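Protein chains: 2
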Amino acid sequence: MHMFYSMNGTLADQLQNHLANYGPPMMNSQRDGGEDPRMYMNGSSASVSTSNGSSSMGNDQKFPSYKRMAQRRKVPEGELCAVCSDLATGYHYGVASCNGCKTFFRRTIVSEQTFICQYNGNCDVNKNIRCACRHCRFNKCLLVGMDAKALQLPAIQNDRDRIGPTKKVKMSSGSDDEQATTPHRLQDQEIIDQLTQVEGLCQELRRCIIPEVTGVTHALTSPCLLFETTDLKVDTNIMFKELYPASMNDIRMWNIREMRICIEWAKTFDIYQRLNLFDQFALVRNFAFAFNLLNRVFYSPDHGPDKIVFQNGAFIMRQPQQQVQLSGCRPIYTRQMDEIMIPFRKLQLSVSEFATFKAALFFNPDALDLSAPAKTEVFEERNKYLGGLFTCITQKIGIPSGVQKYGSLLMMTASIQNILAQNEENMQVMELFKNWEVDPFVKELCMKRA
Amino acid sequence: MHMFYSMNGTLADQLQNHLANYGPPMMNSQRDGGEDPRMYMNGSSASVSTSNGSSSMGNDQKFPSYKRMAQRRKVPEGELCAVCSDLATGYHYGVASCNGCKTFFRRTIVSEQTFICQYNGNCDVNKNIRCACRHCRFNKCLLVGMDAKALQLPAIQNDRDRIGPTKKVKMSSGSDDEQATTPHRLQDQEIIDQLTQVEGLCQELRRCIIPEVTGVTHALTSPCLLFETTDLKVDTNIMFKELYPASMNDIRMWNIREMRICIEWAKTFDIYQRLNLFDQFALVRNFAFAFNLLNRVFYSPDHGPDKIVFQNGAFIMRQPQQQVQLSGCRPIYTRQMDEIMIPFRKLQLSVSEFATFKAALFFNPDALDLSAPAKTEVFEERNKYLGGLFTCITQKIGIPSGVQKYGSLLMMTASIQNILAQNEENMQVMELFKNWEVDPFVKELCMKRA
DNA sequence: ATGGGTTGGTCAAAGGTCGC
DNA sequence: AGCGACCTTTGACCAACCCA
Numbered sequence: 001m002h003m004f005y006s007m008n009g010t011l012a013d014q015l016q017n018h019l020a021n022y023g024p025p026m027m028n029s030q031r032d033g034g035e036d037p038r039m040y041m042n043g044s045s046a047s048v049s050t051s052n053g054s055s056s057m058g059n060d061q062k063f064p065s066y067k068r069m070a071q072r073r074k075v076p077e078g079e080l081c082a083v084c085s086d087l088a089t090g091y092h093y094g095v096a097s098c099n100g101c102k103t104f105f106r107r108t109i110v111s112e113q114t115f116i117c118q119y120n121g122n123c124d125v126n127k128n129i130r131c132a133c134r135h136c137r138f139n140k141c142l143l144v145g146m147d148a149k150a151l152q153l154p155a156i157q158n159d160r161d162r163i164g165p166t167k168k169v170k171m172s173s174g175s176d177d178e179q180a181t182t183p184h185r186l187q188d189q190e191i192i193d194q195l196t197q198v199e200g201l202c203q204e205l206r207r208c209i210i211p212e213v214t215g216v217t218h219a220l221t222s223p224c225l226l227f228e229t230t231d232l233k234v235d236t237n238i239m240f241k242e243l244y245p246a247s248m249n250d251i252r253m254w255n256i257r258e259m260r261i262c263i264e265w266a267k268t269f270d271i272y273q274r275l276n277l278f279d280q281f282a283l284v285r286n287f288a289f290a291f292n293l294l295n296r297v298f299y300s301p302d303h304g305p306d307k308i309v310f311q312n313g314a315f316i317m318r319q320p321q322q323q324v325q326l327s328g329c330r331p332i333y334t335r336q337m338d339e340i341m342i343p344f345r346k347l348q349l350s351v352s353e354f355a356t357f358k359a360a361l362f363f364n365p366d367a368l369d370l371s372a373p374a375k376t377e378v379f380e381e382r383n384k385y386l387g388g389l390f391t392c393i394t395q396k397i398g399i400p401s402g403v404q405k406y407g408s409l410l411m412m413t414a415s416i417q418n419i420l421a422q423n424e425e426n427m428q429v430m431e432l433f434k435n436w437e438v439d440p441f442v443k444e445l446c447m448k449r450a
Numbered sequence: 001m002h003m004f005y006s007m008n009g010t011l012a013d014q015l016q017n018h019l020a021n022y023g024p025p026m027m028n029s030q031r032d033g034g035e036d037p038r039m040y041m042n043g044s045s046a047s048v049s050t051s052n053g054s055s056s057m058g059n060d061q062k063f064p065s066y067k068r069m070a071q072r073r074k075v076p077e078g079e080l081c082a083v084c085s086d087l088a089t090g091y092h093y094g095v096a097s098c099n100g101c102k103t104f105f106r107r108t109i110v111s112e113q114t115f116i117c118q119y120n121g122n123c124d125v126n127k128n129i130r131c132a133c134r135h136c137r138f139n140k141c142l143l144v145g146m147d148a149k150a151l152q153l154p155a156i157q158n159d160r161d162r163i164g165p166t167k168k169v170k171m172s173s174g175s176d177d178e179q180a181t182t183p184h185r186l187q188d189q190e191i192i193d194q195l196t197q198v199e200g201l202c203q204e205l206r207r208c209i210i211p212e213v214t215g216v217t218h219a220l221t222s223p224c225l226l227f228e229t230t231d232l233k234v235d236t237n238i239m240f241k242e243l244y245p246a247s248m249n250d251i252r253m254w255n256i257r258e259m260r261i262c263i264e265w266a267k268t269f270d271i272y273q274r275l276n277l278f279d280q281f282a283l284v285r286n287f288a289f290a291f292n293l294l295n296r297v298f299y300s301p302d303h304g305p306d307k308i309v310f311q312n313g314a315f316i317m318r319q320p321q322q323q324v325q326l327s328g329c330r331p332i333y334t335r336q337m338d339e340i341m342i343p344f345r346k347l348q349l350s351v352s353e354f355a356t357f358k359a360a361l362f363f364n365p366d367a368l369d370l371s372a373p374a375k376t377e378v379f380e381e382r383n384k385y386l387g388g389l390f391t392c393i394t395q396k397i398g399i400p401s402g403v404q405k406y407g408s409l410l411m412m413t414a415s416i417q418n419i420l421a422q423n424e425e426n427m428q429v430m431e432l433f434k435n436w437e438v439d440p441f442v443k444e445l446c447m448k449r450a
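Right under this line is the structure:
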């Protein structure tokens, strides 16, 4: 049911292992502030998952951690609520807090509400204005360490230890309309965090020597390299030395690498792994070049609006150069700069936003050759990332600007599509006139009806 | 009444003239009487409630007395409002009172209004005439002990972070901007309303005989036909008679009509009129076929997922037919159905949403050949419509679903772009092989570098 | 049992909405 | 252009519950 929460082999597990073994990847955290000793980003993001499986199992953990934390006597006289600085009435969900914040937190969790801040996501939360922005109040609850798993969710059928109705037993019928899921809000953040971490892993992989494969199918069916980056050798050839004009060989090399990384990236999505090979192929074929293009311009160091710069220092200039110009092929780099690179810079995308945007693009229900059952699944998946993207954007800049940023970003898909079409045309020309041999792996990935 | 398009006749002016039922908003909401020295909080309670020696005086230092007063259960059955003797709905601000007086008191406090009595300041206040004198009603509120301290300011801002509308949001137009509770909302609403009205005019024009023009430039520089639809004859040839398979001539006829309408539609945007002819041409050339396509599928009566039906009953089927198939041209109608028509239906777009979506698409800063200064202007304009579109969508279905609908809609631009590219390719083939003569007007509008 | 802490549940009274 | 019936949200209070 929940991709991040299933028992084994999930992305979450793999990330967990990877991080445990090798330390966290560099990632840009959008959460600032917080002298809070309890990290809830990595460690507890996994622990949230226990909400649907913890206490009912034969867990030798007698009581949740909040109990241990708070088992020391009552809250000291005059202690204040960690959320709003009102007078605390006790330790609730692991944190000294007032009745209001306690109830607010529980209500938000059980009703799975999602709030969005109108401003910058850093509204003040105190006794007097705690009700003004629910997004920031809930954020503060999480920040100070309120723990959702202290909640006795009805998800656990075992109602042995549930608190029944205090007044009336009006359980109308046994019709169970309960969703029994973790709250949406947390899920959004979870999605963003995971994508951002994977994005970091991709950047690591970009520095490594990537093992050869025999073809796309081979790549699709082998284990994901992103969790083995520490086992891979760093490729010294692609370290930056100096800026120099890219040759066709540079471009070819980066194309191959990026397409390989695209497949490794795709495999980090649990839902993708569950598709059949045919649909996997369809999705990746539909997206590989876009992946290539987007990463190229997003990660290009900013040397002005007329240069796309690769990691190793090779650059493409706006004015088509002899080296990268093939007869019969229309130059496409001008558009990549004007319609993708420059707008990206103007929009000031964060890494998290970029990562979530790519995921939303990847799960394209209109991808050519996608089977009908996959279409609906992919559509749902895309919606997840769209929601995540919106949350990610509006958290920082508020709704009114966020709506425009989100909209401008999504409308870039038109330009991307345009550039893709031109690229495909060029590849057909190359194929036809044999004036440049396209790598078979790239060809397999980029040409429709391959 | 015949209207020529004048330099300074804005769209709003023309709509007003055309529809003649759009009254200007009243801007005269002047605060009445500003010389009353009574302040609402301290001054007034001092002068009014001390005279009465209200019970709340003794203990309001620590926390509001209403809590203790009202902590005993419900207001007794049949208790009356202390202000107006209507039936009390509970203890509000420390006093048994009715809903009306409760709301009146809060409104008065938060808006910091000051009233003046027309008489002697001792008007009767009861259920029947409680609204007659607001000064005396407010006085009575204070007199019976309503306590401003019971107000929790700042207010809970549901509208800021709500996840969905309480019920159904009605669109209220034409109110003054003084309140400014949600200023951008009102502005958005105006945008939406205008676009929706223009959309209606387009539908009227579609039924009429459209005068011939010599070319795109001629069409761009003549007065806008949309405000003269009543002067145009209805075209009886295009009224619906029966369903029949479309011929190439049908398609050709509708293409020409729709492109003409596109230009008339474009001219309704004030900002568009202010662009130079070159940029006007760029925008309309970039969008004309999309306009054609979108209207075709959106307004196609629903005869299942395999038919696009024109107004006159001509229909295109999914399986390419002899009549509409030209050698060398790839069939494009399958994609129009699968990627545009069916998704539109699934998204359940309203006319307003559709109209706003088109405006956002039209103002495309990446349109080919658009001049640099126009780009930024067009970008800003698009943002306006993006905001409007989001408002329009979320008004009905709330934010979480709205984010996804908005996102899915905007991502359709990729498919639209794709279909456009195929279409252009087909037109080039036609041009090349001369197997079908494209109308020069359409050719001028649809082919790049025309 | 008992008592002091948690939990979830309750509902009067806050503020918000929108047809009238 | 304000009114108020009706709505959602809040949080003080309370019963159920869990350990020492």
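Residue numbers (the UniProt record's numbering), protein chains in the order written: chain A, 1 to 450; chain B, 1 to 450. We treat Cβ as the ideally placed atom computed from N, Cα and C, and that holds for glycine. Please read all numbers here as calculations on a predicted model, not as lab measurements.
{"Query": "So, do the region 253-272 of chain B and the region 193-206 of chain B have three or more beta carbon pairs nearer to each other than 8 Å?", "Result": "yes"}
{"Query": "Given a cut-off of 9 Å on the beta-carbon distance, is the pair residue 452/A and leucine 283/A in contact?", "Result": "Limits of chain A in this structure are 1 at one end and 450 at the other, which puts residue 452/A out of reach."}
{"Query": "Who does tyrosine 91/A pair with in a DSSP beta bridge?", "Result": "Ala96/A"}
{"Query": "Using only the alpha-carbon positions, how far apart do proline 183/B and glutamate 190/B sit?", "Result": "Reliability of the predicted coordinates at proline 183/B is poor, the pLDDT of 49 falling under 50, and the value obtained from them is presented with this limitation in mind. Their Cα atoms are separated by approximately 11 Å."}
{"Query": "Which one of Gly145/A, Pro440/A and Ala82/A has the shortest CA to CA distance from valine 125/A?", "Result": "Ala82/A"}
{"Query": "Contact between the region 406-424 of chain A and the region 246-259 of chain A: three or more CB pairs below 8 Å?", "Result": "no"}
{"Query": "At a cut-off of 8 Å, is tyrosine 385/B close to the ligand PLP when judged by its beta-carbon and the heavy atoms of the ligand?", "Result": "Among the components modelled here there is no ligand, and therefore nothing to report on the ligand PLP."}
{"Query": "Helix, strand or coil: which one does DSSP assign to cysteine 202/B?", "Result": "helix"}
{"Query": "Considering just the uninterrupted stretch of the alpha helix (DSSP H) at isoleucine 397/A, what are its terminal residues?", "Result": "372-397"}
{"Query": "Considering only DSSP beta bridges, list what methionine 427/A is partnered with.", "Result": "None, per the DSSP bridge assignment."}
{"Query": "How big is the Cα-Cα spacing for glutamine 273/B and lysine 346/A?", "Result": "27 Å"}
{"Query": "Is the Cβ-Cβ distance between asparagine 286/B and asparagine 364/B less than 9 Å?", "Result": "yes"}
{"Query": "Cysteine 117/A by DSSP, collapsed to three states: which one?", "Result": "coil"}
{"Query": "Does the beta carbon of phenylalanine 433/B sit closer than 9 Å to a beta carbon anywhere in chain A?", "Result": "no"}
{"Query": "Examine chain A for any beta-carbon lying closer than 9 Å to the beta-carbon of glutamine 61/B, and answer yes or no.", "Result": "Any answer about glutamine 61/B is weak, because its pLDDT of 34 lies below 50 and its placement is not dependable; what the coordinates show is given next. It does not: the Cβ of glutamine 61/B has no partner Cβ on chain A nearer than 9 Å."}
{"Query": "Out of Cys392/A, Ala360/A, Leu195/A and Gln348/A, which has the shortest C-alpha to C-alpha gap to glutamate 377/A?", "Result": "Ala360/A"}
{"Query": "Give the residues of chain A in contact with serine 371/B, contact being defined as C-beta atoms less than 7 Å apart.", "Result": "By Cβ distance, chain A contributes nothing, its closest Cβ being about 13 Å from serine 371/B, past 7 Å."}
{"Query": "Indicate whether at least one CB of chain A lies closer than 9 Å to the CB of valine 403/B.", "Result": "yes"}
{"Query": "So, is the C-beta of glycine 121/B closer than 9 Å to a C-beta in chain A?", "Result": "no"}
{"Query": "Indicate the three-state DSSP secondary structure (helix, strand or coil) for cysteine 208/B in the structure shown.", "Result": "strand"}
{"Query": "Using the Cβ count rule (16 or more neighbours within 10 Å means buried), how would you classify lysine 307/A?", "Result": "buried"}
{"Query": "Grouping DSSP H, G and I as helix and E and B as strand, with all else coil, what is leucine 151/B?", "Result": "coil"}
{"Query": "Any idea what DSSP makes of isoleucine 316/B, helix, strand or coil?", "Result": "strand"}
{"Query": "Which residue or residues does DSSP assign as beta-bridge partners of isoleucine 308/A?", "Result": "Ile316/A"}
{"Query": "For the pair the region 84-94 of chain B and the region 138-150 of chain B, tell me if three or more CB-CB distances fall below 8 Å.", "Result": "yes"}
{"Query": "Which of helix, strand or coil does DSSP assign to proline 400/B?", "Result": "helix"}
{"Query": "Closer than 8 Å between beta carbons: that is the criterion. Which residues of the region 388-415 of chain A meet it against chain B?", "Result": "Leu389, Phe390, Pro400, Val403, Gln404, Tyr406, Gly407, Ser408, Leu410, Met411, Thr413, Ala414 and Ser415"}
{"Query": "First and last residue of the alpha helix (DSSP H) that includes alanine 246/A?", "Result": "Run containing alanine 246/A: none; DSSP gives neither H nor E here."}
{"Query": "If you measure from the beta carbon of alanine 421/A to each beta carbon in chain B, is any gap under 9 Å?", "Result": "yes"}
{"Query": "Would you list the residues sitting across from valine 297/A in a DSSP beta bridge?", "Result": "Partner(s): none; valine 297/A has no beta bridge."}
{"Query": "Measuring straight from C-alpha to C-alpha, what distance separates proline 440/B and alanine 355/B?", "Result": "28 Å"}
{"Query": "Got a sec? Which residues, its chain only, sit under 7 Å from lysine 434/A by beta carbon, not counting five neighbours each side?", "Result": "none"}
{"Query": "Would you call the region 414-434 of chain A and the region 328-343 of chain A touching, i.e. three or more CB-CB distances under 8 Å?", "Result": "yes"}
{"Query": "Does the beta carbon of asparagine 364/B sit closer than 9 Å to a beta carbon anywhere in chain A?", "Result": "yes"}
{"Query": "Does the region 217-228 of chain B touch the region 238-254 of chain B, meaning 3 or more C-beta pairs lie closer than 8 Å?", "Result": "no"}
{"Query": "Going by the CB atoms, is the gap between threonine 391/B and valine 403/B shorter than 9 Å?", "Result": "no"}
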